[in-house]
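Take a look at the structure set out below.
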Amino acid sequence: MKTTATAAKRSQKKASGGSDALGANSEIGRKLKQYYDELISDDIPDKFADLLRQLEEREEAQPARQGE
Amino acid sequence: MAPTFKDELLAAIPSLRAFAMSLAQNADKADDLVQETLVKAWDKQSSFQPGTNLKAWIFTILRNEFYSQMRKRGREVQDSDGAITARLAVHPSQHGSMDLDDFRAALETLPEDQREAIILIGASGFSYEEAAEICGCAVGTIKSRVSRARARLQEVLSVAGEGDFGPDPIAAQVMGSNAA
């Protein structure tokens, strides 16, 4: 229980910024971060980097048309 | 050398994709959204002001894309009938603790405007001002969506509020007299 109290105190300080109700000491706030962190750490398919490379090549092949 | 536009886009992909997943609730749709967003962002490159927040800029594009796709599909995701209400009650596996699946299911029960608000503020790390800009609404609107989202999640998950983790009323009666 001691660690919980310390963590709560620490996050009170931190939460003074903006996300008040969703600070690390709220169950909802913690789950939300856990949910999102799991999504962020997913493997990113190569197709996105491939797509950006294609877009870049396309642009190099035909120089930017200014002010259409 | 300063990172190129492409480098910055690449760096934004993981969080962009996480946001897409939380909006679309489906990996294939989310990936389509991200791809479409990258193409749009690339084409609108000249409208991005270097030095401003690229992450907020690209989240805005993705969000607009998401809603325009939804409109084309006739807003199938809208919380308008029993389909979602039936899923409303999510019972945490043990009282007091909920696992991530419970939470995910609860998030799905939120209307999109509330879900995106609570994700942007509570998970993606945007300020209320940035979230308001991304969603094209007032800061106060974001605040109220976040608080409604939070209240609804607590209700759905039967999580007690801050500092309110006491036993249920019956247990409190059994346990003694100092329950106010």
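Going down the list, the sequences are from chains A and B. Numbering-wise (the numbering used here), the first sequence opens with residue -17 and increments by one. Numbering-wise (the numbering used here), the second sequence opens with residue 13 and increments by one. No residue lacks a Cβ here, since even glycine has one placed at the ideal position from N, Cα and C. Note that the coordinates shown come from a computational prediction; the quantities given were computed from them, not determined experimentally.
Asked	Found
Neighbour flag for E38 of chain A against chain B, beta carbons, 7 Å	yes
Beta-carbon contacts of V89 of chain B that lie in its chain and below 7 Å, excluding the five residues immediately before and after	Note on V89 of chain B: pLDDT 49, under 50, position unreliable in the model; the coordinate value appears next. M82 and E124, listed in sequence order.
Proximal residues of chain B, C-beta to C-beta of Q76 of chain A below 7 Å	Because chain A is modelled from -17 through 50, residue 76 of chain A falls outside the range shown and cannot be assessed.
C-alpha distance - I133 of chain B paired with L21 of chain B, whole-angstrom precision	21 Å
Residue-chain proximity (A95 of chain B, chain A), Cβ-Cβ < 7 Å	A caution first: A95 of chain B carries a pLDDT of 43, below 50, which makes its placement in the model too unreliable to give a value.
E141 of chain B versus C149 of chain B: straight-line alpha-carbon distance, rounded	10 Å
For I26 of chain A, the three-state DSSP class (helix, strand or coil)	coil
CB contact check: P26 of chain B to chain A, cutoff 7 Å	yes
Chain-ordered neighbours of W69 of chain B on chain A, where CB pairs are closer than 9 Å	Chain A residues near W69 of chain B: none, gap ~16 Å exceeds 9 Å.
Residues within the segment 130 to 149 of chain B neighbouring chain A, beta-carbon criterion of under 8 Å	I130, I131, I133, G134, A135, S136, S139 and Y140
Inter-residue spacing [alpha-carbon to alpha-carbon] between Q166 of chain B and Y79 of chain B	26 Å
Per-residue contacts from A31 of chain A into chain B (C-beta, under 9 Å)	L22 and I25
Sequence-distant residues of the same chain with beta carbon closer than 8 Å to E145 of chain B, five excluded per side	A68 and T72
Three-pair Cβ contact test at 8 Å for the segment 25 to 40 of chain B versus the segment 24 to 32 of chain A	yes
Coil, strand or helix - S27 of chain B by DSSP	helix
Where A150 of chain B falls: helix, strand or coil (DSSP)	coil
For R116 of chain B and Y17 of chain A, the rounded distance between their alpha carbons	7 Å
Sequence-distant residues of its chain with Cβ nearer than 8 Å to E77 of chain B (five each side left out)	L45, E48, T49 and K52
Sub-7 Å separation of R127 of chain B and I10 of chain A beta-carbons	no
Span of the alpha helix (DSSP H) around K52 of chain B	A39 to D55
M33 of chain B Cβ short of 6 Å to the ligand SAM heavy atom set	Among the components of this structure there are no ligands whatsoever, and the ligand SAM is therefore not found.
Chain A contact for A30 of chain B (CB, 7 Å cutoff)	yes
Cβ neighbours of I131 of chain B in the same chain (closer than 6 Å, five flanking residues each side left out)	S34
Proximity below 7 Å, CB of E38 of chain A to CB of K56 of chain B	no
Partner residues on chain E for V46 of chain B, Cβ-Cβ distance less than 7 Å	The chain inventory of the structure shown lacks chain E, comprising the protein chains A and B.
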